[in-house]
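What follows is a short report on a single structure.
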Amino acid sequence: MPPVVFEEVADDLNEDLADELMAESAAAPPGPQRMEALTVPASSHGQRLDAFLGAQITAYSRSHLKSLIEDGCITVDGQALMTPSRKVAQGQRLLVRLRPTAQSLAFVAEPMDLAIVFEDAHLLVVNKPAGLVVHPAAGNWQGTLMNGLLAHHAGAVDLPRAGIVHRLDKDTSGLMVVGKTLEAVTALSRAIAAREVSRQYLALAHGTVDEAFSVMSSIGRDPVTRVKMAVVPSGKAARTDVQRLLCGQWRDPAADLPQRAYSGVLCTLHTGRTHQIRVHLSSRKHPLVADALYGGALALGMRRQALHAAKLSFKHPITGEALAFEASLPDDMAHAWAALTLAVAAESQSGV
Numbered sequence: 276m277p278p279v280v281f282e283e284v285a286d287d288l289n290e291d292l293a294d295e296l297m298a299e300s301a302a303a304p305p306g307p308q309r310m311e312a313l314t315v316p317a318s319s320h321g322q323r324l325d326a327f328l329g330a331q332i333t334a335y336s337r338s339h340l341k342s343l344i345e346d347g348c349i350t351v352d353g354q355a356l357m358t359p360s361r362k363v364a365q366g367q368r369l370l371v372r373l374r375p376t377a378q379s380l381a382f383v384a385e386p387m388d389l390a391i392v393f394e395d396a397h398l399l400v401v402n403k404p405a406g407l408v409v410h411p412a413a414g415n416w417q418g419t420l421m422n423g424l425l426a427h428h429a430g431a432v433d434l435p436r437a438g439i440v441h442r443l444d445k446d447t448s449g450l451m452v453v454g455k456t457l458e459a460v461t462a463l464s465r466a467i468a469a470r471e472v473s474r475q476y477l478a479l480a481h482g483t484v485d486e487a488f489s490v491m492s493s494i495g496r497d498p499v500t501r502v503k504m505a506v507v508p509s510g511k512a513a514r515t516d517v518q519r520l521l522c523g524q525w526r527d528p529a530a531d532l533p534q535r536a537y538s539g540v541l542c543t544l545h546t547g548r549t550h551q552i553r554v555h556l557s558s559r560k561h562p563l564v565a566d567a568l569y570g571g572a573l574a575l576g577m578r579r580q581a582l583h584a585a586k587l588s589f590k591h592p593i594t595g596e597a598l599a600f601e602a603s604l605p606d607d608m609a610h611a612w613a614a615l616t617l618a619v620a621a622e623s624q625s626g627v
């Protein structure tokens, strides 16, 4: 995998990206399966098998070596040693079948249809669909936007993360900018870190949201549920501006439930924390529609969090030209927005 410039990492919705990249950079390089023979010295007699392997084979993570043990990839005299805690003995000759890590195999080109909004020699702007993972991670080592970028242009293989300088959550749709040269990647990363890139999102939220307000609450890892983020005093400073665009009562025609209030909002990011918009609106008792992780129930026909990166503007990293892009709502959010708009119109006509 190409070297990562950690000091230039600036992320849009996930500030943990730098940590992930550090872990990936320590993974073994891609390559074919190979065999390695190890002899246990006197100094390692009685040591745990996983600890011994970790000290001898430093290119692989401890967790990967543990998986090799449990899969029967370490043998002595033809007998598999499948218990990580098993003790090794002086003079034992271990035969280790080394396999590439999932991380190392992730950096491969996979042709895919990319919704490219703009492209020149230095950068491209893509309209990411919901459901597409941006960067390989556990459970999604392939089929990501990064894999598609590697297939899209040859220079991507020489760039950190194939030129990705920020990302959107898997189920968030919308605009992303990607660098095509190292100079552009570095300049774009710095611009995002300096908050010189404007990002605005359209969202559908539960309840009647105030007409306009700002949320300035620090965000960090949820102390109870580690897959979530939360407003916590020890978190990183975060600010989201929220403007209500429409609000009305909607009733699910397919369920015997009372009408409930929903709001269509425009959110402007001033910082880029993990799940920032989702966490900030949920903290105000207005979780995004269909955002189950943060308490948002299914509604308005949505089956994924109702969040779309609609507007993106920045200066071209090479020419300095002001660039601005807009992406229309995808079909699912467009239908949901239209349903709420019709509900608002019906309320108006009935004098509610």
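Counted the way our numbering counts, the sequence shown spans residues 276 to 627.
For each residue, glycine too, the CB sits at the ideal point set by N, CA and C.
Values in this document were obtained by computation on a predicted structure and should not be read as measured data.
{"Query": "Relative to the alpha-carbon of E596, which residue among L356, D395 and A431 has its alpha-carbon at the smallest distance?", "Result": "D395"}
{"Query": "If you drop the 5 nearest sequence neighbours on each side, which residues of the same chain put their C-beta closer than 7 Å to that of K511?", "Result": "E290, S493, I494, G495 and R548"}
{"Query": "Would you grab the beta carbon distance between H583 and L477 for me? Rounded to a whole angstrom, and I think it's under 8 Å.", "Result": "5 Å"}
{"Query": "Please return the same chain residues whose Cβ sits closer than 7 Å to the Cβ of A634, not counting the five positions on each side in sequence.", "Result": "The chain is shown only over 276 to 627; residue 634 falls outside these bounds and no answer can be derived."}
{"Query": "Name the residue from R372, L420 and L425 whose alpha carbon lies nearest to the alpha carbon of M357.", "Result": "R372"}
{"Query": "For L450, is the classification buried or exposed, using 16 other Cβ atoms within 10 angstroms of its Cβ as the cut-off for buried?", "Result": "buried"}
{"Query": "Which stretch, first to last residue, makes up the alpha helix (DSSP H) that contains R465?", "Result": "L457 to A468"}
{"Query": "Given a threshold of 16 other Cβ atoms within 10 Å of its Cβ, counted over all protein chains shown, does M310 qualify as buried or as exposed?", "Result": "exposed"}
{"Query": "Does the count of Cβ pairs from the stretch 500-507 and the stretch 423-432 closer than 8 Å reach three?", "Result": "no"}
{"Query": "Between which residues of its own chain and A620 is the CB-CB distance below 7 Å, once the five residues before and five after are set aside?", "Result": "none"}
{"Query": "Flag this pair as yes or no: are the beta carbons of K445 and A413 separated by less than 9 Å?", "Result": "no"}
{"Query": "Report back the beta-carbon spacing between L398 and V453 to the nearest angstrom; my notes put them in contact at under 8 Å.", "Result": "6 Å"}
{"Query": "Take the Cβ of L532 as the centre, count every other Cβ of all protein chains shown within 10 Å, and call the residue buried at 16 or more, exposed below.", "Result": "exposed"}
{"Query": "Could you tell me if V554 is buried or exposed, where buried requires 16 or more neighbouring beta carbons within 10 angstroms of its beta carbon?", "Result": "buried"}
{"Query": "Secondary structure at G495, three-state DSSP: helix, strand or coil?", "Result": "strand"}
{"Query": "Can you grab the Cα-Cα spacing for the pair F327 / D497, in whole Å?", "Result": "35 Å"}
{"Query": "Would you give the residue range spanned by the alpha helix (DSSP H) that R372 belongs to?", "Result": "No alpha helix (DSSP H) holds R372; the beta strand (DSSP E) holding it covers R368 to L373."}
{"Query": "Any chance you could list the beta strand (DSSP E) runs of at least 3 consecutive residues sitting entirely within the stretch 575-608, in chain order?", "Result": "582-590 and 597-601"}
{"Query": "Figure out for me which residue from W416, L324 and G539 has the closest Cα to the Cα of A381.", "Result": "W416"}
{"Query": "Does DSSP put F382 in a helix, a strand or coil?", "Result": "coil"}
{"Query": "Kindly indicate which three-state DSSP category H481 falls into: helix, strand or coil?", "Result": "strand"}
{"Query": "When burial is assigned at 16 or more other CB atoms within 10 Å of the CB, is F393 buried or exposed?", "Result": "exposed"}
{"Query": "Who pairs with S538 in a beta bridge, going by DSSP?", "Result": "A480 and C522"}
{"Query": "Rounded to whole angstroms, what's the CA-CA distance from A614 to L425? Just pull it up for me.", "Result": "39 Å"}
{"Query": "Which value, in whole angstroms, describes the spacing of the CA atoms of W525 and Q308?", "Result": "57 Å"}
{"Query": "Classify F589 as buried or exposed, calling it buried when 16 or more other Cβ atoms lie within 10 Å of its own Cβ.", "Result": "buried"}
{"Query": "Does the separation of the CB atoms of G423 and E385 fall below 9 Å?", "Result": "yes"}
{"Query": "Mapping the DSSP letters down to three states, classify A567 as helix, strand or coil.", "Result": "helix"}
{"Query": "Roughly how many whole angstroms lie between the Cα atoms of A312 and R368?", "Result": "7 Å"}
{"Query": "Would you mind working out which of C348, A364, L568 and I391 sits nearest L370, comparing C-alpha positions?", "Result": "C348"}
{"Query": "Which residue wins for smallest C-alpha separation from Y537, given the options T594, V484, V400 and G329?", "Result": "V484"}
{"Query": "Here's the rule I'm using: 16 or more other beta-carbon atoms within 10 Å means buried, otherwise exposed. How should A298 be labelled?", "Result": "Its pLDDT being 38, under 50, A298 is placed unreliably by the model, and the measurement read from it follows with that caveat. The residue is exposed, with fewer than 16 neighbouring Cβ atoms inside 10 Å."}
{"Query": "How would you call G438, buried or exposed, if buried means at least 16 neighbouring beta carbons within 10 angstroms?", "Result": "buried"}
{"Query": "Looking only at DSSP bridge pairs, what is Q475 linked to?", "Result": "T543 and K586"}
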